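Step one of this worksheet: look at the structure below.
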Amino acid sequence: MSDVKAATMDSLWTGGGSPYAIGSKKFGMWLFIISDALTFSAMLMAYTYCRVSTPDWPTPFHFSPGIVFSSIMTFCLLSSSLTMVMAVHAMNHGNRRATVAWILATIGGGVAFVVLHATEWHTLIVEEHVTISSNPFGSPLFGATFFGLTGLHMTHVIIGVIYLSIIAFAVGRGKFNAEDVEVSGLYWHFVDLVWMFIFPLVYLLSAKV
Amino acid sequence: MLLAPIVWILTIAICYFFIGHYWWFPAPISEHGVAYDEQFTITLAVTGIIFFLAQMALGWVIFKFKDDGKRANYSHGNNKLEAIWTSATAVLFIGLVLFGTRIWASVHFVAAPADALKIEVSAKQFAWNFRYPGPDGVFGKTDIKLINDAGGNAFGIDDKDPASKDDITSASIKVPAGKPIMLIMKSRDVIHNFFVRELRLKQDIVPGMEIPFHFQADKVGVYEVPCSELCGLGHHQMRTTLEVMSQADFEKWLRDQAAQK
Amino acid sequence: MSSLAHAPHQAPSGFIRRYIFSLDHKVIGIQYYFLALFSVLLGMTLSVLMRYHMVYPDARVSLFEKLWPTSAAGGIMTPELYLSLMTMHGTIMVFFVLTTAPQSGFGNYFLPIQIGAEDMAFPVLNMMSFWTTFLALIVMVAAFFVPGGAPLGGWTAYPPLSGVGAIAGPGQGAGQTLWVISIAIFCAASLMGAINFIATTVDLRARGMSMMRLPLTCWTWLVTAILGLLGFAVLLAAGVLLLLDRTAGTSFFLPAGLIVNDQILLNHKGGSPLLWQHLFWFFGHPEVYIAILPGMGVASQLLSTFARKPIFGYRAMVYAILGIGFLGFFVWGHHMFMSGMNPYSAFAFSVLTMSIGVPSAIKTFNWIGTLWGGKIRFTTAMLFALGFVSLFVSGGISGIFLGQPALDLYFHDTYFVVGHFHMIMGVAAIFGMFAGTFYWFPKVTGRLMNETMGKIHFYITFIGVYCIFTPMHFLGIAGNPRRYADFTNFEFMNALMPIHSFMTWAAVITAVAQLIFFINLFWSIKKGTPTGPNPWESTTLEWGIPSPPPFDNFAGVHPVVNHGPYEYAVPGAPKDYTMQTDPL
Amino acid sequence: MSDHNQAVAHQVGGTIKSFSVVWVILLVLTAVEVFLAYEQVPLLIMLTSLMGLSVIKAAMIIAYFMHLKFERFSLFMTLFPMLVLCIVLMLIFMPDASRAFTMRPQ
Numbered sequence: 001m002s003d004v005k006a007a008t009m010d011s012l013w014t015g016g017g018s019p020y021a022i023g024s025k026k027f028g029m030w031l032f033i034i035s036d037a038l039t040f041s042a043m044l045m046a047y048t049y050c051r052v053s054t055p056d057w058p059t060p061f062h063f064s065p066g067i068v069f070s071s072i073m074t075f076c077l078l079s080s081s082l083t084m085v086m087a088v089h090a091m092n093h094g095n096r097r098a099t100v101a102w103i104l105a106t107i108g109g110g111v112a113f114v115v116l117h118a119t120e121w122h123t124l125i126v127e128e129h130v131t132i133s134s135n136p137f138g139s140p141l142f143g144a145t146f147f148g149l150t151g152l153h154m155t156h157v158i159i160g161v162i163y164l165s166i167i168a169f170a171v172g173r174g175k176f177n178a179e180d181v182e183v184s185g186l187y188w189h190f191v192d193l194v195w196m197f198i199f200p201l202v203y204l205l206s207a208k209v
Numbered sequence: 001m002l003l004a005p006i007v008w009i010l011t012i013a014i015c016y017f018f019i020g021h022y023w024w025f026p027a028p029i030s031e032h033g034v035a036y037d038e039q040f041t042i043t044l045a046v047t048g049i050i051f052f053l054a055q056m057a058l059g060w061v062i063f064k065f066k067d068d069g070k071r072a073n074y075s076h077g078n079n080k081l082e083a084i085w086t087s088a089t090a091v092l093f094i095g096l097v098l099f100g101t102r103i104w105a106s107v108h109f110v111a112a113p114a115d116a117l118k119i120e121v122s123a124k125q126f127a128w129n130f131r132y133p134g135p136d137g138v139f140g141k142t143d144i145k146l147i148n149d150a151g152g153n154a155f156g157i158d159d160k161d162p163a164s165k166d167d168i169t170s171a172s173i174k175v176p177a178g179k180p181i182m183l184i185m186k187s188r189d190v191i192h193n194f195f196v197r198e199l200r201l202k203q204d205i206v207p208g209m210e211i212p213f214h215f216q217a218d219k220v221g222v223y224e225v226p227c228s229e230l231c232g233l234g235h236h237q238m239r240t241t242l243e244v245m246s247q248a249d250f251e252k253w254l255r256d257q258a259a260q261k
Numbered sequence: 001m002s003s004l005a006h007a008p009h010q011a012p013s014g015f016i017r018r019y020i021f022s023l024d025h026k027v028i029g030i031q032y033y034f035l036a037l038f039s040v041l042l043g044m045t046l047s048v049l050m051r052y053h054m055v056y057p058d059a060r061v062s063l064f065e066k067l068w069p070t071s072a073a074g075g076i077m078t079p080e081l082y083l084s085l086m087t088m089h090g091t092i093m094v095f096f097v098l099t100t101a102p103q104s105g106f107g108n109y110f111l112p113i114q115i116g117a118e119d120m121a122f123p124v125l126n127m128m129s130f131w132t133t134f135l136a137l138i139v140m141v142a143a144f145f146v147p148g149g150a151p152l153g154g155w156t157a158y159p160p161l162s163g164v165g166a167i168a169g170p171g172q173g174a175g176q177t178l179w180v181i182s183i184a185i186f187c188a189a190s191l192m193g194a195i196n197f198i199a200t201t202v203d204l205r206a207r208g209m210s211m212m213r214l215p216l217t218c219w220t221w222l223v224t225a226i227l228g229l230l231g232f233a234v235l236l237a238a239g240v241l242l243l244l245d246r247t248a249g250t251s252f253f254l255p256a257g258l259i260v261n262d263q264i265l266l267n268h269k270g271g272s273p274l275l276w277q278h279l280f281w282f283f284g285h286p287e288v289y290i291a292i293l294p295g296m297g298v299a300s301q302l303l304s305t306f307a308r309k310p311i312f313g314y315r316a317m318v319y320a321i322l323g324i325g326f327l328g329f330f331v332w333g334h335h336m337f338m339s340g341m342n343p344y345s346a347f348a349f350s351v352l353t354m355s356i357g358v359p360s361a362i363k364t365f366n367w368i369g370t371l372w373g374g375k376i377r378f379t380t381a382m383l384f385a386l387g388f389v390s391l392f393v394s395g396g397i398s399g400i401f402l403g404q405p406a407l408d409l410y411f412h413d414t415y416f417v418v419g420h421f422h423m424i425m426g427v428a429a430i431f432g433m434f435a436g437t438f439y440w441f442p443k444v445t446g447r448l449m450n451e452t453m454g455k456i457h458f459y460i461t462f463i464g465v466y467c468i469f470t471p472m473h474f475l476g477i478a479g480n481p482r483r484y485a486d487f488t489n490f491e492f493m494n495a496l497m498p499i500h501s502f503m504t505w506a507a508v509i510t511a512v513a514q515l516i517f518f519i520n521l522f523w524s525i526k527k528g529t530p531t532g533p534n535p536w537e538s539t540t541l542e543w544g545i546p547s548p549p550p551f552d553n554f555a556g557v558h559p560v561v562n563h564g565p566y567e568y569a570v571p572g573a574p575k576d577y578t579m580q581t582d583p584l
Numbered sequence: 001m002s003d004h005n006q007a008v009a010h011q012v013g014g015t016i017k018s019f020s021v022v023w024v025i026l027l028v029l030t031a032v033e034v035f036l037a038y039e040q041v042p043l044l045i046m047l048t049s050l051m052g053l054s055v056i057k058a059a060m061i062i063a064y065f066m067h068l069k070f071e072r073f074s075l076f077m078t079l080f081p082m083l084v085l086c087i088v089l090m091l092i093f094m095p096d097a098s099r100a101f102t103m104r105p106q
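Residue numbers (the numbering used here), protein chains in the order written: chain A, 1 to 209; chain B, 1 to 261; chain C, 1 to 584; chain D, 1 to 106.
Structure representation (structure tokens):
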């Protein structure tokens, strides 16, 4: 990293270092986030397209328990973002033990989200008979888009949990530096950020009181 | 260098075949077709000149500027030239598309006249069916459960609906000359495409959509209709004909068909 | 550059770490190149078989029966076999040749060297990207061997044909599923590659290598990577949705009331085939530029080098590359003029499509401007670069017809389209690859390729491709639809058979002539004339290091760049070329 | 933003207090969204306000949690215009969505 530090402001784009004064890993993660954001955008656009072109779009989520439940999920994810920031902050100050603790808290938030989400899926599939290819309330596309979108997001959360576990394990053993923790944090916040669009578009817009 | 004459000869040969019309459009049978051919000719002239000049210039520089051991003249370009050819091509290309918009508009922005003869088109793997509403001008109700190709009911027409009594179906499309026609195009399975070369018209038929499409053919004759969107293994066999008839012949055909029912 | 500390300065000693799972960008570049070489051989063979079938649909060929005992029983190729060959030809060529070779092959090898880096930014990701691409190729080729054979829905895989499963025809079952899976894997691989390329170009440039001193090849690789980053992300989503439609019973792209093969599909309801077309072409049009941009970069580099002149209008070239990349995202709708899309959107798309002709024209003019007053050295590499310019003009100009919805009313899905895109993104891009191969071969191997064989190969190929693809425009004008297994059912197409025969024989001769290239390539690896580090007297960084390059490219010396990339014939300079690293 | 000279890899900005404040704001905005759903506002207003709030939330996450506020402005300029452009471009799908709605067979 010493070269990056040495890169002065006047040599922004003239080579010899990152023009953003950040490490390549971080930049790479940002690029991944951009492309993944576009994948999610395409999915959300497909969802919107289907919804606009379908006459009988259902609103199956009752405010309680459906929306309240998903609000709690949102709370879990948002709070795990806060703990992740704390982990990055602690790591920047060289406090590895605190870092591990905060990452574990983040993993806890992520696991809670997944468990709640799985519960919700279970209820939908088993009790309300909404599946990916059928839906008793109206267009089968509701099930398709709902499970497609939330499934893709949940995959990301699960990958994130595994990723953070590896980071926590390594940090605890004195490996990896602050940048590595920060990069994993970027990924985690992104997963949180995507939920900030899925939650209103899929849940809140499908709610009936 | 050998490449220069080759580029020149190829260019001249290509231009020769384009100018000579050895393989060309069939004659148009509608006003739209004539307008289309004009737009094509203008575009061909513009692009042809650009093509000819660019290839000739390429041949010329290959022919002229060989390495002779001396140094080339040192130049990083010429901003004035860049600006000129950038704006020239921009004006030319955008101008072409704007000029052609009237043709697109007449097909797609303008609705069919109210007195247009309505014909329903149903495409399936790998056949065409056409339905005429008959004297009452109303298409009978259909139901996909009633579709029976072997039984001659490709549209699934519901016999119980009185409007369906005089509906006429046909495997090829017959239209009266000089009268506006409106097609209501549906596909039963995959995407097909209705293409009549002589009309200079083409439209995809997308399942799940009823696509309206209008035209007017002025010249009596029989014209082939190939499916022009890949629809499966029999794509190349999906053929029908458009028969443009005189008004009297067309009415006679309608009567004959009604009598056969 | 201690940020590169993860790249050891010694090559790993084991064979597997050194040549198979190598982290070295040079080895990975060569792996990509040979993957594309295999794919192009396969794709070309398929195309020759297709052309043969079109002209002789009833011929009995025992070879066909040996290869495909069921779908070519008795040696006669069935229409579905023809369509599956066509689908695989398109898919393999677009994804595994045009996307991998110019970008991942040449780019991997030469981007780090040209910018003065020791390796790519993420060597492990680079290796994973290659092996993921390899996996995608295996899955794609496996589609030939499953029951029903390869898919027949075309490389665009339009649903419902591609979505409803085996009832839509043989190959639409397992074959089409494998196709979608392969494309999804390929997307993942391309995204890894794109991230790596962008990070490398932005972060790892040597001191003094400012953006405006980048060789134009690097600019095109950078912009191509950005297009890939955005485009493949969308294709990935589309592929996942199509896969769900096929396997999980969803109906994103399948409307209600479909009756396929006399079966009413009750479980599908509500989707729209147009959605797939939008998502697909949102990727599909930038993909065209993914294929052609690196070729433009190579052509620019070579024209300047062998004309011994600075590139005409470097900045204009850079802006044109950026402009093409930017506008490339605005024009996907021109593939959908006839699709039932909103006609007002079609109008907007057509204006934008025409605008993209402007930067393309700038590039052409600048290439000719570069050659004007130059001292051209006619090496085989240069011939291919000149051929690229000629083909780029010929192929690009027909886009002016297709970009107008008014004219597309006739030309959509005719051979005019086939001729257009084969000329520009097919052959022109491949000429870029040939040019790059002849130009960089001495750097990779330390030997020159044989010029005599190269020139014979060039002339046959150049004339051959014009003979194959120009007549397609006339077929299109006569209204011949594409993707037809044979033409015997239509009177007007029967009249066009002489053109088809001519094209087929031109294709056979051109395809056979490619053997000269393969022989030349493999012969020259062993027997080519040995040469020094800079046989072309070129200026960019790769020519300042030994051939083949040492493991860490610059043998521990960090290059410092003092000049722009194309300083030829500088007045008062000691040589007629000034290397980028030459002192001020 | 761009003149954060000390903005090198492992000296990132933000304090625990600022992160907590952002977290609280995010929760409040989420609560507003949920309230909107509870009130059953008309669909178009609902969609607009939800998307507006979500974009604000996303911006806060990106700026503070993901530290983009403390990076050089050029990084922001490199990454986001292309993403936003692509997403906006996809809105061109929508006329066809309503077309698919109006032209569906009866």
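Glycine included, every Cβ here is placed at the ideal spot set by N, Cα and C. Computed from a predicted structure; not experimentally measured.
Lysine 70 of chain B classed as buried or exposed, judged by whether at least 16 other C-beta atoms fall within 10 angstroms
exposed
Can you name, in chain order, every residue of its own chain whose Cβ lies under 7 Å from the Cβ of aspartate 408 of chain C, other than the five neighbours on each side?
Phe337, Met338, Leu402
Per-residue burial, arginine 97 of chain A [other beta carbons within 10 Å of its own, 16 or more giving buried]:
exposed
What three-state label does DSSP hand tryptophan 128 of chain B in the structure shown?
strand
Mark alanine 233 of chain C as exposed unless 16 or more other C-beta atoms lie within 10 angstroms of its C-beta, in which case mark it buried.
buried
Taking alanine 258 of chain B as the reference, give the member of B/Glu224, B/Asp161, B/Glu229, B/Pro133 with the closest Cα.
B/Pro133
Round the Cβ separation of valine 52 of chain A and alanine 31 of chain D to the nearest angstrom and send it over; I've been treating them as touching at under 8 Å.
So it is not a contact: roughly 28 Å between Cβ atoms.
Using only the alpha-carbon positions, how far apart do aspartate 3 of chain D and arginine 72 of chain D sit?
Reliability of the predicted coordinates at aspartate 3 of chain D is poor, the pLDDT of 34 falling under 50, and the value obtained from them is presented with this limitation in mind. Between aspartate 3 of chain D and arginine 72 of chain D, the C-alpha separation is close to 7 Å.
With a 10 Å radius around its C-beta and 16 neighbouring C-beta atoms as the bar for buried, classify histidine 93 of chain A as buried or exposed.
exposed
Output yes or no for whether 9 Å exceeds the beta carbon distance between isoleucine 113 of chain C and asparagine 553 of chain C.
yes
Serine 187 of chain B in three-state terms, based on DSSP:
strand
Is there a Cβ of chain A sitting closer than 9 Å to that of glutamine 106 of chain D, yes or no?
no
Using 10 angstroms around the beta-carbon of isoleucine 12 of chain B, count the other beta-carbons present and answer buried if the total reaches 16, otherwise exposed.
exposed
For glycine 154 of chain C, verify whether its CB is less than 8 Å away from any heavy atom of the ligand MG.
In the structure on display, the ligand MG does not appear, and there are no ligands present to speak of.
Give me whichever residues DSSP pairs with aspartate 204 of chain B in a beta bridge.
B/Asn193
Which residues in the same chain have their Cβ closer than 8 Å to the Cβ of isoleucine 56 of chain D, if we skip the five residues on either side of it in sequence?
Leu29
Could you tell me if glutamate 128 of chain A is buried or exposed, where buried requires 16 or more neighbouring beta carbons within 10 angstroms of its beta carbon?
exposed
Reduced DSSP category for tryptophan 195 of chain A - H, G, I as helix; E, B as strand; rest coil:
helix
Can you list, in chain order, the residues of its chain with a C-beta nearer than 7 Å to that of leucine 322 of chain C? Leave out the 5 residues immediately preceding and following it.
Val223
Kindly indicate if chain D contains any beta-carbon less than 9 Å away from that of phenylalanine 145 of chain C.
no
Just the Cα atoms here: how many angstroms apart are leucine 44 of chain A and leucine 275 of chain C?
12 Å
Are histidine 236 of chain B and aspartate 24 of chain C close, meaning C-beta to C-beta below 9 Å?
no
Can you give me the Cβ contacts of asparagine 5 of chain D inside the same chain, cut-off strictly under 8 Å, excluding the 5 residues immediately before and after it?
Any reading at asparagine 5 of chain D needs caution, since the residue's pLDDT is 36, under 50, leaving its predicted position unreliable; the model's value is listed next. Closer than 8 Å at the Cβ level, and outside the excluded window around asparagine 5 of chain D, lies no residue.
Less than 9 Å between CB atoms is the rule here; does methionine 264 of chain B satisfy it with respect to chain D?
Limits of chain B in this structure are 1 at one end and 261 at the other, which puts residue 264 of chain B out of reach.
Tell me which residue opens and which closes the alpha helix (DSSP H) that isoleucine 87 of chain D is part of.
73-89
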